[in-house]
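Written below as structure tokens is the structure these notes are about.
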Amino acid sequence: MGKVWFVGAGPGAPDLITVRGARLLAEAGAILYTGSLVAETVLQWAGKDCEIADSKSMDLEQVTAWLLERAQRHATVVRLQTGDPTLYGVLAELARPLDAAGIPVGIVSGVSSAMASAAAAGECLTLPEITQTVIFTRLSERTRMPEDESLTALAAHGCTLCIFLSIERIAAVVEHLIAAGWARTAPVVVVHKATWPDEELVLRGTLEDIAGRCRDAGVERQALILVSPALGARSRAAGQSSKLYDAAFPRRFRPAREAGSASDERETDAT
0 MGKVWFVGAG PGAPDLITVR GARLLAEAGA ILYTGSLVAE TVLQWAGKDC
50 EIADSKSMDL EQVTAWLLER AQRHATVVRL QTGDPTLYGV LAELARPLDA
100 AGIPVGIVSG VSSAMASAAA AGECLTLPEI TQTVIFTRLS ERTRMPEDES
150 LTALAAHGCT LCIFLSIERI AAVVEHLIAA GWARTAPVVV VHKATWPDEE
200 LVLRGTLEDI AGRCRDAGVE RQALILVSPA LGARSRAAGQ SSKLYDAAFP
250 RRFRPAREAG SASDERETDA T
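For what it's worth, numbering that gives the first Met the number 0 labels the leading residue of the sequence shown as 0, then goes sequentially.
Okay, here's the thing in structure tokens:
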């Protein structure tokens with residue numbers, strides 16, 4: 000009996016899968032990948048004799064049956080999922096039948112499209128004294144959201160929002176954010192197919208015009224929406240600096256400097 004690994008393929012670029020994930024693809028006797036979401040270029044790491052199948056037309060029962068059957072014949076079986084397998088997937092549902100059959104299961108983390116989108120746009124998800132919280136969420140649709148996790152309620156915190164699986168309803172996203180108190184001029188970044196070679200697209204706008212920009216660009220799926228008070232921080236005048244490298248802020252391996260040090264001069268110049 001083999002082991003089934005749930006491997007995060009990362010956001011799209013084949014070299015953004017983890018080293019561990021690529022090694023498992025090379026070792027696998029069988030790979031089942033999410034063809035509607037995973038870039039096929041990631042499969043370049045698979046062995047030449049590996050059995051590879053696309054699950055985009057399968058239902059849950061068919062996927063689990065495929066994994067169960069291959070685990071009887073191969074030492075290593077990989078279920079390759081987009082991004083990270085623990086986020087917005089059905090890992091628990093797929094793992095239950097394997098657990099019941101006594102088949103060992105492993106999970107390999109992947110780079111989330113949230114991180115890849117921020118990197119593609121050259122943005123930070125957190126900013127000292129501005130926002131230190133990041134919320135991963137989505138609009139309620141066929142998959143219902145818990146009552147206390149509405150986008151309006153979460154957006155009211157005013158922190159960074161990484162909004163998944165909602166680009167088809169970008170106008171509704173805007174309505175929720177405005178209802179939560181965000182200004183119509185608040186910046187928004189939409190990243191379509193982050194890191195996909197020759198397909199990545201970064202759109203910038205405001206709550207007032209982002210829906211139109213997405214419509215004009217034909218972006219209606221496989222895109223992440225970033226809304227944050229940290230957006231555009233690189234182009235702003237310097238504000239409050241992080242304590243991480245502040246010379247006056249003591250750390251385990253770096254004692255604080257005395258008054259009148261370079262940090263004091265920097266603060267004087269900034270004022």
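Just so it is clear, CB atoms sit at the ideal spot from N, CA and C, and this is done for glycine as well. Here the structure is a predicted model, which means the values were calculated and not measured.
Cβ-Cβ separation, residue j to residue i (assumed contact under 8 angstroms), whole Å
{"i": "E167", "j": "E219", "result": "5 angstroms"}
{"i": "A94", "j": "V104", "result": "5 angstroms"}
{"i": "A119", "j": "V190", "result": "5 angstroms"}
{"i": "S112", "j": "L223", "result": "5 angstroms"}
{"i": "K55", "j": "G34", "result": "4 angstroms"}
{"i": "A117", "j": "T75", "result": "Not really, about 33 angstroms apart at Cβ, beyond 8 angstroms."}
{"i": "A99", "j": "A193", "result": "36 angstroms between Cβ atoms; not a contact."}
{"i": "D53", "j": "Y32", "result": "6 angstroms"}
Unbroken alpha helix (DSSP H) run spanning residue i, endpoints
{"i": "G20", "result": "18 to 26"}
{"i": "L164", "result": "Note, L164: premise wrong, no alpha helix (DSSP H); not H, not E."}
{"i": "R95", "result": "90 to 99"}
Closest Cα partner of residue i within the set the options
{"i": "V37", "options": "G180, T81, A171", "result": "T81"}
{"i": "G46", "options": "L67, R22, S56, R69", "result": "R22"}
{"i": "W195", "options": "M0, F5, L15", "result": "L15"}
{"i": "L230", "options": "D197, A210, W181, T159", "result": "T159"}
{"i": "V107", "options": "R233, R214, V6", "result": "V6"}
{"i": "P84", "options": "V110, L138, L67", "result": "V110"}
{"i": "R141", "options": "A152, S165, R235, I209", "result": "S165"}
{"i": "D173", "options": "P254, D48, V226", "result": "Looking at the sequence shown, residue 173 is not Asp but Val. Here the closest residue by C-alpha is V226."}
Those residues which DSSP pairs with residue i across a bridge
{"i": "Q80", "result": "G7"}
{"i": "I177", "result": "Note: I177 sits in no beta bridge, so no partner."}
{"i": "T75", "result": "K2"}
Segment limits, beta strand (DSSP E) that includes residue i
{"i": "A29", "result": "29 to 32"}
{"i": "A154", "result": "Segment 150 to 154 is the alpha helix (DSSP H) holding A154; no beta strand (DSSP E) there."}
Inset, instruction - List in chain order: all unbroken beta strand (DSSP E) runs of 3+ residues lying wholly within the stretch 185 to 238. - result: 186 to 191, 200 to 205, 222 to 226
Inset, instruction - Kindly provide the ranges of any alpha helix (DSSP H) runs that are 4 or more residues long and lie completely inside the stretch 102 to 147, ordered along the chain. - result: 112 to 120
Legend entry - Whole runs of the alpha helix (DSSP H) within the stretch 41 to 73, excluding any shorter than 4 residues: 59 to 70
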